[in-house]
Each structure stands twice: as C-alpha cells, then as structure tokens.
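**Q** Structure incoming, see below.
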Amino acid sequence: MFEQAGVKAPATFDEFLQISKTLKDKGMVPAVTPGKDGWGVKLFMLQQMIQVGDPQAMADLVSNKTNFDNPSVQEGAARIETMVKAGVFPDGIANLDYGPAMEMFTSKKAAMLMMFTWELPNLAKDETVDFFPFPAASDKYDPTKNVQFWGSPLNGYAVSGKTKHPDEAVKLAEFLAMADALYFETTGAPIALQTGNPPADKSPLMQKFVDWYNPIPNKIASMALNSLDARTSAEMSTEGANLLTGEYAAADFNKAMNKLWSENTWFKN
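This is the structure:
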C-alpha cells in the first residue's frame with residue numbers, strides 16, 4: 001500500500017502526518033489500532049506519543065517523578081488529538097475492537113497498524129508487511145536509543161506464602177510458566193524461559209525486530225503495568241476512548257488525568 005501511494009516510512013511525526021494525508025487522499029485508511037475502551041491509548045499510544053517527544057518525561061511519569069502538568073506529557077495527548085482530527089484513523093476508531101482492527105490491517109484496508117510487536121509472528125506470514133518504530137517528534141527522541149517495553153516485575157505466576165501446599169503450588173506455577181513458553185515458542189516469538197527445544201529460525205521480520213530492539217539502551221517500562229492502580233487504570237481507559245472520538249480536547253484529557261494521577265494509590269503502597 002505504501003508503494004501504491006508512493007510513500008516511504010516516515011522519520012518524523014510531521015512526515016507521519018504527511019504520508020497519512022497522502023494515503024487518505026488515495027482512498028486508504030492510513031492507520032488502525034484497537035480503540036475500544038481506550039485500549040490502545042492506555043497500553044501504548046499515550047506512552048509512545050509522550051516518548052517520541054521527550055523520553056525522559058515519559059520515564060519520569062512512569063516512576064511518578066512528574067505528572068500531567070508537565071508540558072512534554074501534555075504534548076503526548078495533543079499528538080493523539082492531532083492524529084484523530086487529521087483522519088489518520090478510521091471513522092469510529094473509539095469503538096473499534098482488537099479483532100476488527102487486526103482484520104482491517106491484514107485485509108489491507110489500512111496501510112499501517114499501531115500495535116505491540118507480539119503480533120509480528122502472525123504478520124510475518126505476509127511478506128509485504130514490514131515494521132518501523134514510531135517516528136520522532138523532537139530531537140530528544142532517537143528510536144535506536146529509547147523504547148517502551150511490555151512487562152513488569154509483577155508479571156508471571158506467584159505462590160502464596162500462606163499456602164499449606166508450597167511444593168505443589170510451585171510445581172503448578174512452573175507448569176503454567178512452561179505452558180506459556182511452549183505456546184509462544186510455537187508462534188515464533190522470542191521467549192526467555194528455556195524449554196529444551198532447539199531455537200526455531202526467526203522470520204526475517206522478527207529478526208529485524210530483535211536486531212533493532214535488543215541493543216536499545218533505554219527501555220522504558222509500560223505505564224499501564226507499572227504505574228496505575230485499578231481505579232486509575234479504568235478511568236484512563238474511559239479518558240483514552242473519549243480522546244479518540246475527536247470531540248474531546250487533549251487539554252480536557254490532561255486535566256482529568258492529572259486529577260486521577262493525584263489520587264492514584266499505586267505509589268502509596
């Protein structure tokens with residue numbers, strides 16, 4: 001679709017908006033992402049839009065060293081508002097669920113997919129698919145030096161210290177962890193747990209991702225997993241969905257989020 005429209009992967013946020021306009025003028029949906037319930041905004045889009053302008057501000061937000069009064073943080077929401085109003089996303093993006101969003105991309109109704117790289121093994125089946133990190137919005141961001149990573153110290157399986165059957169509980173946790181590893185191994189995704197199986201050959205697309213991702217020195221933890229209590233997480237979903245309607249200003253989003261952030265109990269435990 002990029003070739004049909006005569007565009008190339010953008011290097012800056014402004015170039016991203018420019019190629020999106022070209023794609024839209026050619027009758028294509030420029031980009032798609034799951035927007036229902038604010039899924040994309042909460043899990044990665046807001047973080048990306050802050051990060052591409054000021055990675056340090058994003059790292060500070062994740063660790064509660066700043067808030068939504070920070071101009072760099074506010075600019076992240078403003079970039080989402082800009083994309084929505086520029087027609088980067090399909091109509092009704094705020095109600096578009098995960099499956100339909102993926103189908104829109106794989107059926108070539110949308111030229112770009114904003115998504116976690118866990119989808120790369122499936123997308124690699126189509127040799128016309130490539131990937132690029134989201135382009136920079138300022139000279140503070142370099143995609144070879146900064147990246148969001150999905151994960152948390154709290155991820156995985158735990159065993160209660162009060163269990164009456166600790167040995168059995170540990171065996172169950174190990175079994176579940178291995179089951180996960182074996183499943184993701186079959187998809188071609190990189191895994192950390194050693195399954196005993198010889199490593200499978202990576203697709204060129206997955207190898208390209210690994211070669212880009214592994215050397216990056218500044219891996220910023222995901223805010224959705226490492227900074228939000230249950231209430232803040234739920235409210236951020238609502239605020240994110242509202243932002244995707246194009247009828248809710250970034251300034252209102254930031255004001256609402258700053259209030260929620262001040263009441264967030266995650267860092268008080």
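Under our numbering, the first residue of the sequence shown carries the number 1, and numbering increases by one thereafter. For every residue, glycine included, the Cβ atom is placed at its ideal position computed from N, Cα and C. These numbers come from a predicted model, not from an experiment.
1) Rounded to whole angstroms, what's the CA-CA distance from V170 to M206? Just pull it up for me.
2) If I follow the unbroken alpha helix (DSSP H) through F16, where does it start and stop?
3) Drop a sphere of 10 angstroms on the beta-carbon of E103, count the other beta-carbons inside from all chains shown, and report buried for 16 or more, exposed for fewer.
4) Closer than 6 Å by C-beta to T117: which residues in its own chain qualify, once you throw out the five before and the five after it? Chain order, please.
5) Give me the Cα-Cα distance between D126 and N197, rounded to the nearest whole angstrom.
6) By the 10 Å Cβ neighbour count, where 16 or more other Cβ atoms means buried, how is S138 classified, buried or exposed?
7) Compute the distance between the beta-carbons of K145 and I216, then report whether it is under 8 Å.
8) With distances taken Cα to Cα, identify the nearest neighbour of L23 among Q56, A111 and T12.
9) So is T245 buried or exposed if we call it buried at 16+ other beta carbons inside 10 Å?
10) Give the secondary structure of I80 by DSSP, where H, G and I count as helix, E and B as strand, and everything else as coil.
11) Can you pull the DSSP bridge partners for V73?
12) Do the stretch 79-86 and the stretch 11-30 make contact, defined as three or more Cβ pairs closer than 8 Å?
13) Count the other CB atoms within 10 Å of the CB of N264; is the residue buried (16 or more) or exposed (fewer)?
14) Tell me A136's beta-bridge partners as DSSP assigns them.
15) Under the DSSP definition of a beta bridge, which residues are partnered with V29?
16) What three-state label does DSSP hand Q194 in the structure shown?
17) When burial is assigned at 16 or more other CB atoms within 10 Å of the CB, is R231 buried or exposed?
18) Output the distance between the C-alpha atoms of F2 and F13, rounded to the nearest integer angstrom.
**A** Taking the structure as given:
1) Here residue 170 is taken as the residue at index 170 of the sequence shown, counted from 1. Here residue 206 is taken as the residue at index 206 of the sequence shown, counted from 1. For V170 and M206, the distance between alpha carbons rounds to 33 Å.
2) Position 16 of the sequence shown, counting from 1, holds the residue named residue 16. Per DSSP, F16 belongs to the alpha helix (DSSP H) from F13 to D25.
3) Locating residue 103 in the sequence shown gives position 103, counting from the first residue. Exposed, since its Cβ has fewer than 16 Cβ neighbours within 10 Å.
4) Looking up residue 117 in the sequence shown gives position 117. Same-chain partners within the cutoff: F209.
5) Taking the first residue of the sequence shown as 1, we reach residue 126 at position 126. Taking the first residue of the sequence shown as 1, we reach residue 197 at position 197. If I take the Cα positions, the gap works out to 26 Å.
6) Looking up residue 138 in the sequence shown gives position 138. So S138 counts as exposed.
7) Here residue 145 refers to the residue found at position 145 of the sequence shown. Here residue 216 refers to the residue found at position 216 of the sequence shown. In contact: K145 and I216 (Cβ atoms closer than 8 Å).
8) For this step, residue 23 is matched to residue 23 along the sequence shown. The shortest Cα separation from L23 among Q56, A111 and T12 belongs to A111.
9) Taking the first residue of the sequence shown as 1, we reach residue 245 at position 245. With fewer than 16 Cβ atoms within 10 Å of its Cβ, T245 is classed as exposed.
10) Within the sequence shown, residue 80 is the residue found at index 80, counting from 1. Residue state, collapsed to three classes: helix.
11) As a working note, residue 73 is residue 73 in the sequence shown. None, per the DSSP bridge assignment.
12) yes
13) Within the sequence shown, the letter at position 264 stands for residue 264. Classification for N264: buried.
14) For the purposes of this step, residue 136 is identified with residue 136 of the sequence shown, where counting begins at 1. Looking at the DSSP assignment, A136 forms a beta bridge with T12.
15) On the sequence shown, position 29 is the one that residue 29 refers to. Answer by DSSP bridge pairing, in chain order: A110.
16) Your numbering for residue 194 matches position 194 in the sequence shown. Three-state result, Q194: coil.
17) The residue labelled residue 231 in the question sits at position 231 within the sequence shown. Per the 10 Å Cβ criterion, exposed.
18) What you label residue 2 is simply residue 2 of the sequence shown in a count that begins at 1. What you label residue 13 is simply residue 13 of the sequence shown in a count that begins at 1. So the alpha carbons of these two residues sit roughly 17 Å apart.
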